[in-house]
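In the numbering used here, the protein residues as written are 6 to 171. Ideal Cβ positions, reconstructed from N, Cα and C, are used throughout, including at glycine.
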């Protein structure tokens with residue numbers, strides 16, 4: 006490969022890793038400032054999941070030794086199936102995996118905060134959507150959809166995002 010192409014690929018990978026690191030931090034704070042109101046089982050870990058192994062690798066590094074409440078935070082790569090998602094409290098659907106999400110037709114998932122980054126993500130069943138504005142990561146959130154999934158987000162966090170009702 007020519008050196009210019011390698012440098013371009015390297016910069017592109019670094020930009021994705023940086024953006025994923027920022028989004029992992031947002032997800033961590035969403036978890037810290039939210040309450041899951043209908044948990045039937047006692048949890049031993051707080052699990053952040055994604056079908057995107059690249060995101061999970063970055064999030065694992067960024068969120069090492071973090072806790073949500075008193076629970077250790079774990080990151081896992083999952084398939085988008087009912088059985089795999091039962092272990093998750095937060096599910097992040099990247100633009101690379103949104104087609105898998107759309108094809109799954111899982112419907113309402115209780116007790117799982119569903120976050121994505123595609124344009125119509127909230128309209129397609131998600132709760133929170135990341136977007137870029139002036140080069141910064143921002144988010145839109147649907148409190149009604151979170152509440153329907155038995156999750157309540159702090160009003161302090163809601164004020165930082167763009168609240169949408171769908």
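Residue state for residue 73 is assigned as strand, using DSSP reduced to three classes. When the five nearest sequence neighbours on each side are left out, the beta carbons in the same chain lying within less than 6 Å of the beta carbon of residue 167 are those of 145, in order along the chain. Per the C-alpha coordinates, the member of 108, 129, 95 and 136 positioned closest to residue 39 is 95. One Cα belongs to residue 157, the other to residue 97, and the distance between them is close to 18 Å.
Counting only residues of its own chain and dropping the five nearest sequence neighbours on each side, residue 133 has a CB closer than 6 Å to the CB of 120, 144 and 146. For residue 145, the enclosing beta strand (DSSP E) stretches over residues 141-146.
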